[in-house]
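What follows is a short report on a single structure.
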Amino acid sequence: MSKSQHPTQLSTDLIERMRVYVVEIWQAMQFYYQQKIRSWLNGRSLQSFVCLFLVATLLSIVVAACSGSSTASKSDIKLRLVSFSVTKAAHDQIIPKFVQKWQQEHNQNVTFEQSYGGSGAQANAVIAGSQEADIVHLALPLDVNKIQQAGLIKSGWEIKSPRSGIVSRSVAAIVTREGNPKNINNWQDLAKDGVKLIAANPKTSGIAIWEFLAFWGSVSLTGGDEATALDYLTKVYQNAPVLTKDAREASDLFFQQNQGDVLINYENEMILAEKNGSKLPYVIPQINISIDNPVAIVDKNVDKHGTREVAEAFVDFLYSTEAQQEFAKLGYRPVNPTVTQEVASQYPSVQTLFTSQDLGGWDNIQKKFFGDGAIFDKIQAAKKA
């Protein structure tokens with residue numbers, strides 16, 4: 303990525319150049335007024351000597367001031383990070399490491415203004431301007447594409463970052479009640495009569511889009527036609543009477559309020575819950591979707607805030623071994639190859655792992671499934687009928 307100088311850095315460079323120029327002038331003046339002193343001692347006026355003395359004193363003060371300024375610490379800088387709801391635990395571990403690294407390398411303190419929520423809602427807030435994000439870490443590339451289409455992110459964002467802009471990864475998990483009383487073991491079981499599914503709304507939530515695509519792909523990519531897939535998803539969403547705004551709200555309904563028989567969640571959320579002492583039965587379906595979470599710099603905002611250099615550095619840091627290890631500790635499947643090898647044994651294998659590209663890519667997905675009047679709207683209309 304191209305690096306742009308922060309205004310503070312420009313000021314520091316300018317001061318350094320000024321210092322060099324002043325030193326050169328000072329050296330020239332030393333030689334000059336030494337000659338003048340000799341002339342004065344040979345009978346020149348006292349007034350000339352006093353003037354030269356005052357000029358020399360002034361230059362000494364300027365040199366000292368410039369020298370001091372060149373070593374002064376830079377002023378604090380703030381980054382605005384907007385992310386989807388379940389990443390907070392990871393960023394709480396990663397951000398302090400980056401802040402310490404930047405302080406050591408650049409003698410500058412970075413503070414973070416953070417916001418977490420449903421990925422679709424977060425993208426809409428950035429587009430509307432109520433969230434002036436410098437960096438977005440969202441649940442799916444579709445949401446970053448929407449921000450790009452609004453003119454806030456330059457085209458080609460996905461090829462300007464490592465790993466096509468994907469910084470964290472997971473798969474879908476089916477979570478059941480203790481003992482699995484409804485005998486739910488795969489995607490097809492979600493359509494059974496008497497099963498109550500806790501699910502989020504694809505219009506506002508990233509996990510909701512991923513689970514919808516997992517449902518559809520489990521049929522369409524295993525030999526079923528689109529009519530069969532549509533019938534299956536209609537039955538599944540009839541079993542989901544209420545759609546929450548994001549993954550966190552869906553989890554709260556299921557875990558805290560004890561609603562529903564089954565929940566679709568990120569694998570990383572289940573791993574984190576286990577580490578926090580809330581072990582519940584879940585299964586990773588053998589036909590699954592690669593849940594790819596992108597990160598991107600919001601070009602218009604970093605240029606407005608003067609934060610491009612530090613924002614690019616933070617994005618780069620998210621791909622580092624140190625940061626990716628933190629993602630892995632919290633259950634994400636890392637994208638850094640070194641860390642992937644280190645932690646591969648802690649994740650269950652998936653027999654068939656498909657991607658958004660297998661479903662036609664994000665432009666096609668948006669138009670076919672989630673646009674106004676598209677397949678999801680048709681399913682919702684059938685549910686109300």
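First residue of the sequence shown: 303, per my numbering; consecutive thereafter. Positions of the beta carbon are idealized from the N, C-alpha and C atoms, including for glycine. In this text the structure is predicted, and so the values were computed from the model without any measurement.
Can you tell me the Cβ-Cβ gap for residue i and residue j, rounded? I've got them flagged as a contact below 8 Å.
i, j, result
"Val656", "Ser470", "The sequence as given places Phe at residue 656; Val does not occur at that position. Wrong, their Cβ atoms sit about 18 Å apart, outside the cutoff."
"Trp459", "Ala598", "5 Å"
"Ile626", "Val641", "It should be noted that the sequence gives Gln, not Ile, for residue 626. Going by Cβ atoms, the distance from Gln626 to Val641 rounds to 4 Å, so yes, they are a contact pair."
"Gly422", "Thr506", "5 Å"
"Leu515", "Ile591", "6 Å"
"Ile486", "Phe616", "At roughly 40 Å, the Cβ-Cβ gap does not stay under 8 Å, so Ile486 and Phe616 are not in contact."
"Gly420", "Gly525", "33 Å between Cβ atoms; not a contact."
"Tyr418", "Lys380", "Not really, about 17 Å apart at Cβ, beyond 8 Å."
"Ala549", "Ala502", "6 Å"
"Ser472", "Asn570", "5 Å"
"Leu620", "Ile468", "Leu620 to Ile468, Cβ: 11 Å. No contact."
"Pro443", "Pro596", "5 Å"
State the Cα-Cα distance for the pair residue i and residue j, rounded to the nearest angstrom.
i, j, result
"Gln588", "Ala475", "10 Å"
"Ala676", "Ser658", "17 Å"
"Val544", "Leu454", "33 Å"
"Arg610", "Asp378", "14 Å"
"Val612", "Ser387", "23 Å"
"Gly662", "Pro398", "39 Å"
"Ala552", "Asn409", "43 Å"
"Trp512", "Val521", "15 Å"
"Leu555", "Gln406", "44 Å"
"Pro483", "Pro650", "23 Å"
"Ala441", "Tyr568", "11 Å"
"Met572", "Gln643", "21 Å"
"Asn426", "Lys537", "30 Å"
"Val401", "Phe414", "9 Å"
"Gln451", "Ser385", "19 Å"
"Gln540", "Asn488", "17 Å"
"Val446", "Leu574", "26 Å"
"His439", "Val497", "33 Å"
"Gly579", "Gln648", "18 Å"
"Asp660", "Lys670", "14 Å"
Let's test the definition: count the other Cβ atoms within 10 Å of the Cβ of residue i and tell me whether it reaches 16, buried, or not, exposed.
i, result
"Gln558", "exposed"
"Thr478", "buried"
"Ile461", "exposed"
"Pro639", "exposed"
"Gln424", "buried"
"Ser362", "In this prediction, Ser362 has a pLDDT of 48, which is less than 50 and means its spatial position is unreliable; what the coordinates show is noted afterwards. Ser362 comes out exposed."
"Gln433", "buried"
"Lys448", "buried"
"Asn666", "exposed"
"Tyr335", "In this prediction, Tyr335 has a pLDDT of 47, which is less than 50 and means its spatial position is unreliable; what the coordinates show is noted afterwards. So Tyr335 counts as buried."
"Pro583", "exposed"
"Thr623", "exposed"
"Thr530", "exposed"
"Ala435", "buried"
"Gly673", "exposed"
"Ser457", "exposed"
"Glu576", "exposed"
"Glu528", "exposed"
"Asp563", "buried"
Name the DSSP bridge partner or partners of residue i?
i, result
"Ser417", "Val384"
"Arg635", "Arg471"
"Asn666", "Asn666 is not bridged to any residue."
"Asn595", "Ser470"
"Val412", "Ile379"
"Leu545", "Ala501"
"Asn590", "Leu655"
"Val401", "For Val401, which the question treats as bridged, DSSP gives no partner whatsoever."
If you scan the stretch 444 to 525 from start to end, which runs of the alpha helix (DSSP H) of 4 or more residues do you find wholly inside it?
508 to 522
If you scan the stretch 552 to 586 from start to end, which runs of the alpha helix (DSSP H) of 4 or more residues do you find wholly inside it?
569 to 577
Complete beta strand (DSSP E) runs within the stretch 606 to 657 (minimum length 3 residues, chain order):
654 to 656
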